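A short worksheet on the structure shown next.
Numbering (my numbering), first residue to last: 16 to 171.
And the structure:
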């Protein structure tokens, strides 16, 4: 992310002040945005940091929260499964035709497409792990914080 930011600043300074444009920052930034977004999805899911309506969620018993989480997990698995199925075919096609950006510097697009595939696959894997945890929470009535604390204590 910092590399993209510095490249953008260099392009602005070069174009506006030095009158020497830096070739390729737009094309490179387009590809790195895929890495930034889809690379962080699974990490945010590990921490359960995605947006939800806390007003309703926090005012329900732990078992109801677990049911809400199971519904969310299943919906998200289906959503990212659809993205993954399309992303795989797009990545394969992009690699076959050696797809690249247009411009002064031609950056290949297939690495970004495979990054999208990897990010979606990791997200589905993490959602599946959370689905299993949430199903156990429905049965036991445990809360997320209780389980997280127990796991951290076992790790120490």
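From the three backbone atoms N, C-alpha and C, an ideal C-beta is built for every residue, glycine too. The structure displayed is predicted, hence computed values, not measured ones.
#### Entry: Given 8 Å, three or more beta-carbon pairs between the region 141-152 and the region 110-129
Fewer than three pairs of CB atoms, one per stretch, sit closer than 8 Å, so the region 141-152 makes no contact with the region 110-129.
### Query
Which one of 127, 91 and 152 has the shortest CA to CA distance from residue 52?
Reading the chain shown from its first residue, position 37 is the one you call residue 52. The shortest C-alpha separation from residue 52 is found at 127.
### Task
Using beta-carbon positions only, say whether residue 56 and residue 138 come within less than 7 Å of one another.
One-based indexing of the chain shown puts residue 56 at position 41. One-based indexing of the chain shown puts residue 138 at position 123. A Cβ-Cβ contact shorter than 7 Å links residue 56 with residue 138.
### Message
In the DSSP output, which residue or residues are listed as bridge partners for residue 123?
### Response
Translated into the one-based positions of the chain shown, residue 123 becomes position 108. Beta-bridge pairing links residue 123 to 115.
### Task
Determine the DSSP secondary structure at residue 56, reduced to helix, strand or coil.
Translated into the one-based positions of the chain shown, residue 56 becomes position 41. Note: residue 56 maps to helix in three-state DSSP.
### Straight-line Cα distance separating residue 41 from residue 23
Taking the chain shown and counting its residues from 1, the one referred to as residue 23 is at position 8. Taking the chain shown and counting its residues from 1, the one referred to as residue 41 is at position 26. Residue 23 and residue 41 have their C-alpha atoms spaced approximately 8 Å apart.
### Query
Distance, Cα to Cα, residue 129 vs residue 104?
The sequence position of residue 129 within the chain shown is 114, counting from 1. The sequence position of residue 104 within the chain shown is 89, counting from 1. C-alpha separation (whole angstroms): 10 Å.
### Message
Does residue 132 pass the burial test, meaning 16 or more other C-beta atoms within 10 Å, or should it be called exposed?
### Response
Residue 132 sits at position 117 when you count from the first residue of the chain shown. Of the residues assessed, residue 132 falls on the buried side of the cut-off, its CB having 16 or more other CB atoms within 10 angstroms.
### Task
Please classify residue 82: does DSSP put it in a helix, a strand, or coil?
Your numbering for residue 82 matches position 67 in the chain shown. Of the three classes helix, strand and coil, the one that applies to residue 82 here is helix, per DSSP.
### Task
Using beta-carbon positions only, say whether residue 81 and residue 153 come within less than 7 Å of one another.
One-based indexing of the chain shown puts residue 81 at position 66. One-based indexing of the chain shown puts residue 153 at position 138. Their beta carbons are under 7 Å apart, which means residue 81 touches residue 153 by this criterion.
### Task
Count the other C-beta atoms from every protein chain shown that fall within 10 angstroms of the C-beta of residue 64, then say buried if there are 16 or more, exposed otherwise.
In the chain shown, the residue the question calls residue 64 occupies position 49. Residue environment: residue 64 is assigned as exposed (fewer than 16 neighbouring CB atoms within 10 Å of its CB, all protein chains considered).
### Query
Just the Cα atoms here: how many angstroms apart are residue 11 and residue 49?
Any answer about residue 11 is impossible in this case: the structure gives the chain only from 16 up to 171.
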